[in-house]
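Each residue of the sequence shown is one higher than the last, beginning at 1 in this note's numbering.
Virtual Cβ for every residue (Gly too), placed ideally from N, Cα, C.
Please read these numbers as outputs of a predicted model, since none were measured by experiment.
Below: one structure, written as structure tokens.
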Amino acid sequence: VPLVNPNAFAVNYTIIARYEVGDRDQVIAAGTIGANSRGGITINTRNNPSGALVRTDTPYALEIQSDGQLGATFSHYDFGVTTGENFSGHLSTTWAFSEAHRDAINFRDFVLYYNPNNATAHLQISLVYTDGTTVTFGRTVDALRRSGLNFTNDTALTTDGVFGVRITSDQPIIASLSSYDIAHSRGFGLLGNSDGGDTAGAVPTISDGNGVEASISVLNTTGTTATVTVTAHYIVANLPDLTRVLSVPGNGRLGMSLAAFGLTPGQLAGLRYTSTMPVTFTAIEYKDGDGDATATGTDGATTALFGDAFVNPATAGITYIETLGLYNPAANSVNVTITFLFFDGTFSATTLSVDGHGFAKVQIDQVVAPLLPAGRADFSIRVDAATPIVSMFTHYDLFLGGGWSTLGAPVGLTNPLSSIT
1 VPLVNPNAFA
11 VNYTIIARYE
21 VGDRDQVIAA
31 GTIGANSRGG
41 ITINTRNNPS
51 GALVRTDTPY
61 ALEIQSDGQL
71 GATFSHYDFG
81 VTTGENFSGH
91 LSTTWAFSEA
101 HRDAINFRDF
111 VLYYNPNNAT
121 AHLQISLVYT
131 DGTTVTFGRT
141 VDALRRSGLN
151 FTNDTALTTD
161 GVFGVRITSD
171 QPIIASLSSY
181 DIAHSRGFGL
191 LGNSDGGDTA
201 GAVPTISDGN
211 GVEASISVLN
221 TTGTTATVTV
231 TAHYIVANLP
241 DLTRVLSVPG
251 NGRLGMSLAA
261 FGLTPGQLAG
271 LRYTSTMPVT
281 FTAIEYKDGD
291 GDATATGTDG
301 ATTALFGDAF
311 VNPATAGITY
321 IETLGLYNPA
331 ANSVNVTITF
341 LFFDGTFSAT
351 TLSVDGHGFA
361 KVQIDQVVAP
371 LLPAGRADFS
381 IRVDAATPIV
391 SMFTHYDLFL
401 GGGWSTLGAP
411 VGLTNPLSSI
421 T
């Protein structure tokens with residue numbers, strides 16, 4: 001769990017494990033992070049399981065408490081797959097995911113939720129299959145506990161297939177999805193859409209072909225058909241934008257490969273969408289032996305944080321591949337400052353301009369390699385702009401054999417893209 005302190009003062013923190021069963025609470029770490037610095041903890045490693053900070057073989061959620069705003073990232077290795085995601089301070093009574101699987105031969109998918117309240121949360125969970133079938137059932141989560149669904153063996157599920165998930169709760173909670181494609185040893189993890197859908201969003205970077213297999217999925221939990229206009233803007237190649245208009249029925253979902261969408265193979269693009277009804281939109285990439293996915297950016301922020309970045313300068317861009325994708329939803333161009341924060345409190349920054357309604361990619365591994373302090377390979381990232389933008393970080397560590405991506409953790413207020421674009 002890498003942590004980043006973007007403030008000009010030191011911040012004290014406590015990390016608490018909240019277990020699903022048995023003794024509920026355990027403080028696993030407490031400390032101080034200096035101003036403009038990276039810190040964090042390692043909870044357990046496969047080479048030293050007896051040194052784990054948590055009880056083994058017992059599911060848990062993590063809660064970070066601090067006396068100043070921090071960014072934090074969680075990365076996890078399981079089933080030969082890497083998943084990672086930024087921590088979030090945003091709670092909601094509605095969460096949605098546009099793609100999950102029940103397929104005992106090929107997939108192990110899970111939806112997990114944490115109740116940070118002092119009262120039991122009562123959940124209604126609806127699974128929306130591609131053919132329009134919907135299955136709904138209830139669950140409860142005790143106060144300050146985590147729980148979840150194993151789609152492979154949960155008795156409420158009897159139908160295999162691909163489906164979207166909608167969770168409503170009488171208490172504000174947080175929910176995530178982990179998808180393991182065990183047939184191909186790849187997968188991804190992500191937080192859900194915390195509003196149950198939005199009418200505008202963006203995926204800052206994605207590609208398809210030349211060793212990359214990518215797709216999009218859209219979930220519409222309203223009762224009205226959604227007309228979703230998706231535009232792919234090529235970031236590197238001088239190619240015209242590609243626009244497709246998709247129709248997603250009420251209480252339905254749609255999935256499509258980017259090859260079927262028509263994206264030029266081997267080209268990097270950013271995606272943006274607008275919709276006549278709120279929808280949940282997800283983009284998934286499988287590449288380099290693993291996969292990455294993130295919920296679509298539906299809010300812009302003037303400052304965003306990424307806690308977990310790691311580059312060995314000797315193999316930057318080969319074994320360690322890290323990219324930062326940016327989207328500017330406003331009509332005017334904006335300068336974006338990217339600051340790399342190190343353990344010793346030193347930092348370095350670079351600035352680039354992103355066109356109005358434009359996308360950009362920064363190859364972080366190449367930019368940061370000459371800047372890393374001697375003997376260090378880990379750092380954090382802060383992204384600042386004068387107007388709200390969307391930022392997405394993708395990390396592939398081929399030494400450990402996995403990759404993940406996450407949206408930036410916003411600092412301060414955010415603005416819905418629907419109010420900007």
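Going by DSSP, what residues sit across from residue i in a beta bridge?
i           : result
residue 311 : Residue 311 pairs with nothing; no bridge assigned.
residue 342 : Per DSSP, none; premise fails for residue 342.
residue 65  : 14
residue 2   : 40
residue 179 : 109, 188
residue 441 : Examination of residue 441 is not possible in this model, given that the chain is present from 1 through 421 alone.
residue 32  : 12
residue 352 : 336
residue 235 : Looking at the DSSP assignment, residue 235 forms no beta bridge with any residue, so it has no partner.
residue 300 : 415
residue 167 : 95, 125
residue 422 : A question about residue 422 goes unanswered here, because the residues of the chain that appear run from 1 up to 421.
residue 20  : DSSP lists no partner for residue 20.
Specify the secondary structure class of residue i as computed by DSSP and reduced to three states.
i           : result
residue 369 : helix
residue 51  : helix
residue 419 : helix
residue 364 : helix
residue 261 : helix
residue 26  : strand
residue 378 : strand
residue 267 : coil
residue 395 : strand
residue 127 : strand
residue 90  : coil
residue 174 : strand
residue 140 : strand
residue 197 : coil
residue 216 : strand
Nearest-angstrom Cα distance between residue i and residue j?
i           : j           : result
residue 76  : residue 369 : 24 Å
residue 328 : residue 339 : 18 Å
residue 319 : residue 283 : 24 Å
residue 55  : residue 387 : 44 Å
residue 363 : residue 218 : 29 Å
residue 94  : residue 206 : 27 Å
residue 348 : residue 341 : 7 Å
residue 412 : residue 381 : 16 Å
residue 134 : residue 84  : 29 Å
residue 355 : residue 326 : 10 Å
residue 193 : residue 125 : 14 Å
residue 21  : residue 101 : 26 Å
residue 88  : residue 132 : 31 Å
residue 315 : residue 277 : 46 Å
residue 294 : residue 322 : 15 Å
residue 360 : residue 203 : 11 Å
Should residue i and residue j be called a contact, given that it needs their Cβ atoms to be closer than 7 Å?
i           : j           : result
residue 86  : residue 409 : yes
residue 158 : residue 299 : no
residue 96  : residue 139 : no
residue 304 : residue 336 : no
residue 40  : residue 188 : no
residue 129 : residue 80  : no
residue 280 : residue 197 : yes
residue 288 : residue 396 : yes
residue 208 : residue 310 : no
residue 114 : residue 35  : no
residue 212 : residue 285 : yes
residue 170 : residue 122 : yes
residue 2   : residue 73  : yes
residue 148 : residue 112 : yes
Quick one: what's got a C-beta closer than 6 Å to residue i's C-beta in the same chain, skipping five residues either side?
i           : result
residue 242 : 232, 262
residue 216 : 256, 283
residue 58  : 19
residue 26  : 17
residue 416 : 299
residue 229 : 245, 274
residue 179 : 109, 187, 188
residue 351 : 335, 337
residue 234 : 267, 269
residue 118 : 143
residue 272 : 202, 231
residue 9   : 35
residue 249 : 225
For residue i, which residues in the same chain have their Cβ closer than 8 Å to its Cβ, ignoring the five residues on either side in sequence?
i           : result
residue 210 : 265, 266
residue 120 : 140, 141, 142, 143, 171
Leaving out five residues before and five after residue i in sequence, what residues of the same chain have Cβ atoms less than 7 Å from its Cβ?
i           : result
residue 247 : 225, 227
residue 182 : 79, 106, 107, 108
Any heavy atom of the ligand NAD closer than 6 Å to the beta-carbon of residue i?
i           : result
residue 181 : Questions concerning the ligand NAD fall outside what the structure shown contains, since it holds no ligand whatsoever.
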